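To start, the structure itself, in structure tokens.
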Ligand SMILES: Nc1nc2c(ncn2[C@@H]2O[C@H](COP(=O)(O)OP(=O)(O)O)[C@@H](O)[C@H]2O)c(=O)[nH]1
Ligand SMILES: [Mg+2]
């Protein structure tokens, strides 16, 4: 799967071949990154699910289902989904002796269906710069995710301009500047405490002026009040669309996977007000509660586009529901 769609003329076949092999390499690397992101969740599940079984298998009865439920909810998947999985296992296997593999196969199928989503590549502008706005609470991983996205685009031969729209915190502009230098892209900054909408405006203007492919706008995660923040995000959107009517083409909400259920209440605040088009689930590598993806997919009508699996600029993977469910329970497969 190409990780983005844009209608362009066909390339010469040699470059198409190159692209295909780069894509294959990327897929393989992204399988590795997914495992890296889910290693803690897998370690937890592998130990606790294994403990439910004896060598000769275990009888599926009320006791077993209660134990299994307790393990599943610890991944933060929520009571509803854990109950659904246990009911399915009860109805498929009740009064039979089962081995771990039998149960895992069913759990994986259920999880896949709980988190399934249509293939949702990023939307790119048909022509001119694509503008991506990144929102989320302080510390969720916005600035780092922007660096990762920029790195991905640059590796893909695109030219990127960043807008340091989190003018609320001095360190935020500095942090993004360091990343811009590291990944090799231009950055547009304003004064600390200045108007973030004017930074966003200048960043988009710069992208237009230099015919850049992508403009990514960072935003504040916290202001004096939530209302102020939402108004500010609204204003940023307005000034962006003044220059490019369809922009921002994507508004990505960054959620902190280690925040567990809190990530969900964070999402609620932003997803309505900020006009989000997708989610980046950051810091998956830092938690054994990777099951949080389930309520995130269930409770928001937003596709998960990327997952963050570490602090480096290469630690970003495209979200793939099927591979995600596999990697939660099995780290040996590609
Ligand atoms: N382990 C890990 N740490 C991350 C990830 N994404 C961000 N972080 C760290 O989380 C902290 C906050 O990230 P930052 O991008 O500054 O968040 P922001 O306030 O939303 O911009 C930093 O220390 C990052 O290095 C990730 O995917 N995995
Ligand atoms: Mg930041």
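In the numbering used here, the protein residues as written are 37 to 370.
Backbone N, C-alpha and C define an ideal beta-carbon position, used for all residues, glycine too.
All values reported here derive from a predicted model rather than from experimental measurement.
Quick check: is any heavy atom of ligand 2 less than 7 Å from the C-beta of residue i?
i, result
"residue 208", "yes"
"residue 292", "no"
"residue 302", "no"
"residue 179", "yes"
"residue 279", "no"
"residue 202", "yes"
"residue 211", "yes"
"residue 119", "no"
"residue 155", "no"
"residue 254", "yes"
Rounded to the nearest angstrom, how far is the Cβ of residue i from that of residue j, given a contact under 8 Å?
i, j, result
"residue 177", "residue 318", "3 Å"
"residue 143", "residue 186", "In fact, because the Cβ distance is near 37 Å, the residues do not count as touching under 8 Å."
"residue 272", "residue 169", "7 Å"
"residue 196", "residue 141", "Residue 196 to residue 141, Cβ: 42 Å. No contact."
"residue 284", "residue 255", "Residue 284 to residue 255, Cβ: 11 Å. No contact."
"residue 330", "residue 340", "So it is not a contact: roughly 11 Å between Cβ atoms."
"residue 320", "residue 326", "6 Å"
Taking 7 Å as the cut-off, is the beta-carbon of residue i closer than that to any non-hydrogen atom of ligand 1?
i, result
"residue 349", "no"
"residue 133", "no"
"residue 145", "no"
"residue 297", "no"
"residue 161", "no"
"residue 319", "yes"
"residue 171", "no"
"residue 257", "yes"
"residue 175", "yes"
Would you tell me roughly how many angstroms separate the C-alpha atoms of residue i and residue j, rounded to the nearest one?
i, j, result
"residue 72", "residue 324", "12 Å"
"residue 91", "residue 208", "53 Å"
"residue 306", "residue 132", "46 Å"
"residue 352", "residue 345", "6 Å"
"residue 165", "residue 243", "6 Å"
"residue 373", "residue 149", "Nothing can be reported for residue 373, as the shown portion of the chain is limited to 37 through 370."
"residue 63", "residue 260", "Note on residue 63: pLDDT 48, under 50, position unreliable in the model; no value is reported."
"residue 97", "residue 127", "10 Å"
Checking the sheet assignment: what are the DSSP bridge partners for residue i?
i, result
"residue 94", "134"
"residue 169", "253, 287"
"residue 314", "288"
"residue 344", "352"
"residue 198", "223, 252"
On a CA-only basis, which of the options is nearest residue i? Give me that one, please.
i, options, result
"residue 171", "258, 151, 87", "258"
"residue 290", "247, 236, 182, 120", "182"
"residue 110", "359, 152, 84", "84"
"residue 356", "316, 350, 188", "316"
Could you check whether the Cβ of residue i sits closer than 8 Å to any Cβ belonging to chain D?
i, result
"residue 314", "Here there is only one protein chain, and chain D is not present."
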